[in-house]
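Residue numbers (our numbering), protein chains in the order written: chain L, 177 to 603; chain C, 177 to 603. For every residue, glycine included, the Cβ atom is placed at its ideal position computed from N, Cα and C. Here the structure comes first, spelled out in structure tokens, and everything after it is commentary.
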């Protein structure tokens, strides 16, 4: 199957259509496939209805070269996806005793017996392969026909992802459907809007006719993805254009690639051999969460305090009562006291704090809902900054976390020399 | 346009296909529409390609009665969605000076001037309506033809949601496309797997032939949605079946409706007029985050400590060094000390704690990766519990948060009488 290949993903599961769960599978598969040069062309989310499954699958199979499905392989009676797709393909499903043995083993380890309804998970396509599932009962399925591939993956994330990485990626690379080289160069930016970044990039776009530029925006981050149609630019040329872009993007440039803002800050602090603690009011734990999503975070990140009440701000972080009386909890003064307080109490080199009104309640004339004060305590100084966002409570929380991280990133960059000198004097 | 109506959602935006962002719009629209009796039938995510947009839209328009699109209305040159769809419909776009005035006003308030590229956002369908956007530049668009409706919404969440709630919902209810009564009865459960819940529900399903039951699973929660085909059961009958279901589900029953576990715990504590603080190691802020996502959380939730290092556990929460030496930070003993420590330091009635190995690193023979110890401190006693999960770091974090909340919910229910008596004795 030569490139270019059209890829379509079909996600089964009513929970994706009725507001129960976000479609994390599509995000995951899209990132994995795009990275190796095969962006998903189209995705559908289909209701658990036999006719709908058959029609959608037939249409996808007719118009795509690679179809990946997620979900619908469970043991319950309403999971008829396997059977409907086999019917649409005109392919036969056969009972595979080797799958049954694996499932029985799995239950045995857990000290249980395999229930009868798991029998339906032991079927595979007659001329197809089984993608072994080490984390759950339903194996993935692989089937090839008419020069096309079908990959069916189980719904639970912790089952789907290992199967995809350990079995599907190598299989597709072996068949030369996927490249083993990354396909685009990404510059992550933060601080300016999409249109500003587009304007900054314009001279570079004008200078390179073969260049394709795509922008992706998420909570204050704008990603710039550089590639070329028909691979007319090689990787070295893309990298050199990437360096030009880095220059014009200035301080908005965060990193090449996909690093989270928290990870960029984490790496900076790791390089300086320094530690951090956070104090958060309105972001309520999500700033700490951003750091603790990094495996090995504890090398830098000591922890944090979610200080939702004034008592906690005073008792745990030592914010003076008179400061709260005079300036209020949502103030630059309080933000600075929180940052310094948490650094002192946690014995860390740096402290980062967020206090504000995430809404919908709270807010006053000076600090309307969406007003966020940031505080930053470092070995070379103490700063505060105020930002303001519109949007719902969860939006404001997410924007505030990115604002705090991006601000700290810029400060670390600006005072790098001073911080390194401070480091030299540590202990 | 009479019911039943087929609804299709088309999400534009390469970022949804290449792993940049989860499709929160589909989750939001699905929840809103399903609640009022019009579940989304099908959804597609389409790449930013003019032909692809035209083809997908034409297919959706041919097979559905209501098509809702998100994204693609931005001012940048690659946003050609409006134009492509107009072409597919054979409909004319006209420049609307009243839109331009609104956009100009918006920039004026921000002390800026409207850039020329925003002109393209001032077009609407010739016989269509404008859905005013108070939070951004691109308005939504409404168009009717052939007895079908098209609704185009801008991509940013904080723009899309107010337009949908303030303008689209009332419009669709006025046209009797949506009901103003809720369409299904949901029972939220936690603690058992989908197949167990299905087995518990079987006698009820057998007893009511008209009943339709759907299950939705997310991180240890299983939602049971009761409805009936063709509305053959009225709301009172559904409620009475819901009560039967509640009985058979026993302690796994969390609530009717969509309340988060954190909100259920919040309401219980609010009713008791009691306060809570949390201490978390491996969940790193996401337990606190679950509470602070509730507007008005501060009435119950004082805050928490993310205690990533042993120093923080000792210095901030008073865990004895000898306890850490003897049992380690990942132990039931430490979990209890954290729960009691945070309740004491934060002067709250309750303390809830989580410590464990979320992976991929860490873990030992006694506590392999995925082992989570929970601690609970209440006015009537102190408890610990150990759970174990497979899955990636983020999965384990999410499961651990739900496990802690569900455990606290059960304890609060079990000791309600004792807690109320304690309450009586408060101060």
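Continuous beta strand (DSSP E) stretch holding residue i: start and end
i, result
"residue 531 (chain L)", "526–532"
"residue 399 (chain L)", "397–404"
"residue 554 (chain C)", "547–554"
"residue 186 (chain C)", "183–188"
"residue 320 (chain C)", "316–321"
"residue 345 (chain L)", "Looking at the DSSP string, residue 345 (chain L) is not in any beta strand (DSSP E); the run it does join, the alpha helix (DSSP H), is 345–350."
"residue 558 (chain L)", "557–564"
"residue 270 (chain L)", "269–271"
"residue 219 (chain L)", "218–222"
Residue i versus residue j - alpha carbon distance
i, j, result
"residue 183 (chain C)", "residue 221 (chain L)", "12 Å"
"residue 177 (chain L)", "residue 353 (chain L)", "Bear in mind that the predicted position of residue 177 (chain L) carries a pLDDT of just 44, short of 50, making it unreliable; the figure below should be weighed with that in mind. So the two alpha carbons sit approximately 6 Å from each other."
"residue 542 (chain L)", "residue 502 (chain L)", "14 Å"
"residue 415 (chain L)", "residue 519 (chain C)", "53 Å"
"residue 526 (chain C)", "residue 553 (chain C)", "5 Å"
"residue 315 (chain C)", "residue 469 (chain C)", "29 Å"
"residue 585 (chain C)", "residue 576 (chain C)", "14 Å"
"residue 245 (chain C)", "residue 563 (chain L)", "31 Å"
"residue 475 (chain C)", "residue 401 (chain L)", "45 Å"
"residue 367 (chain L)", "residue 531 (chain L)", "20 Å"
"residue 505 (chain L)", "residue 188 (chain L)", "47 Å"
"residue 312 (chain L)", "residue 234 (chain C)", "40 Å"
"residue 600 (chain C)", "residue 461 (chain C)", "The predicted model places residue 600 (chain C) with a pLDDT of 48, which falls under 50 and marks its position as unreliable, so this point remains unresolved."
"residue 255 (chain L)", "residue 347 (chain L)", "27 Å"
"residue 522 (chain C)", "residue 583 (chain C)", "21 Å"
"residue 293 (chain C)", "residue 251 (chain C)", "6 Å"
"residue 273 (chain L)", "residue 572 (chain L)", "53 Å"
"residue 287 (chain C)", "residue 350 (chain C)", "38 Å"
"residue 337 (chain C)", "residue 447 (chain C)", "31 Å"
Backbone secondary structure at residue i - three-state DSSP
i, result
"residue 492 (chain C)", "coil"
"residue 357 (chain L)", "coil"
"residue 510 (chain C)", "helix"
"residue 383 (chain L)", "helix"
"residue 435 (chain L)", "coil"
"residue 466 (chain L)", "helix"
"residue 306 (chain C)", "strand"
"residue 456 (chain L)", "strand"
"residue 485 (chain L)", "coil"
"residue 294 (chain L)", "helix"
"residue 246 (chain L)", "strand"
"residue 480 (chain C)", "strand"
Range of the contiguous alpha helix (DSSP H) that encloses residue i
i, result
"residue 230 (chain L)", "226–239"
"residue 576 (chain C)", "569–590"
"residue 211 (chain L)", "200–211"
"residue 324 (chain C)", "Careful: residue 324 (chain C) lies outside any alpha helix (DSSP H), inside the beta strand (DSSP E) at 324–329."
"residue 422 (chain L)", "411–425"
Nearest residue (CA-CA) to residue i, options the options
i, options, result
"residue 549 (chain C)", "C:536, C:557, C:578, C:523", "C:578"
"residue 508 (chain C)", "C:534, C:536, C:547, C:524", "C:547"
"residue 380 (chain L)", "L:351, L:251, L:418, L:346", "L:418"
"residue 299 (chain C)", "C:319, C:281, C:282", "C:319"
"residue 361 (chain C)", "C:286, C:413, C:229", "C:413"
"residue 334 (chain L)", "C:551, C:536, C:230", "C:536"
"residue 495 (chain C)", "C:477, C:515, C:478", "C:515"
"residue 270 (chain C)", "C:226, C:297, C:575", "C:297"
"residue 479 (chain L)", "C:497, C:456, C:474, C:498", "C:456"
"residue 559 (chain C)", "C:211, C:391, C:551", "C:551"
"residue 581 (chain L)", "L:534, L:463, L:375, L:284", "L:463"
Chain D contact for residue i (CB, 8 Å cutoff)
i, result
"residue 370 (chain L)", "Included in the structure are the protein chains L and C, with no chain D among them."
Cβ-heavy atom distance, residue i to the ligand SAH, below 7 Å
i, result
"residue 541 (chain L)", "Ligands in the displayed structure: none, and consequently the ligand SAH is not present."
Exercise for the section: Closer than 9 Å, Cβ to Cβ, to anything on chain L: give me those residues from the stretch 201–224 of chain C, in chain order. Expected result: 202, 203, 204, 205, 206, 207, 208, 209, 210, 211, 215, 216, 217, 218, 219, 220, 221, 222, 223, 224
Exercise for the section: Name, going along the chain, the residues of the stretch 548–578 of chain C whose beta-carbon falls closer than 9 Å to a beta-carbon of chain L. Expected result: 565, 566, 567, 568, 569, 570, 571, 572, 573
Practice task
Return the residues of the stretch 319–335 of chain L that lie within a Cβ-Cβ distance of less than 9 Å from chain C, sorted by chain order.
Solution key: 331, 332, 333, 334, 335
Exercise for the section: Select from the stretch 285–296 of chain L all residues with a C-beta closer than 8 Å to any C-beta belonging to chain C, and list them in chain order. Expected result: 291, 293
Practice task
Taking only beta carbons into account, state which residues of the stretch 519–538 of chain L come closer than 7 Å to chain C, listed in chain order.
Solution key: 521, 522, 523, 536, 537
Practice task
Could you please tell me which residues of the stretch 471–505 of chain C, in chain order, have their CB closer than 8 Å to any CB of chain L?
Solution key: 471, 472, 473, 474, 477, 478, 479, 480, 481, 482, 483, 484, 485, 487, 488, 491, 492
Practice task
May I ask you to list, following chain order, the residues of the stretch 355–385 of chain L that have a beta carbon less than 7 Å from some beta carbon of chain C?
Solution key: 370, 371, 374
Practice task
May I ask you to list, following chain order, the residues of the stretch 435–466 of chain L that have a beta carbon less than 9 Å from some beta carbon of chain C?
Solution key: 451, 453, 454, 456, 457, 458, 459, 460, 461, 462, 463, 464, 465, 466
Exercise for the section: Can you give me, in chain order, the residues of the stretch 184–200 of chain L that have a beta carbon less than 9 Å from any beta carbon in chain C? Expected result: 185, 187, 189, 190, 191, 192, 193, 194, 195, 196, 197, 198, 199, 200
Exercise for the section: Check distances from the C-beta atoms of the stretch 247–281 of chain C to those of chain L and list, in chain order, the residues that come in under 9 Å. Expected result: 250, 251, 252, 253, 254
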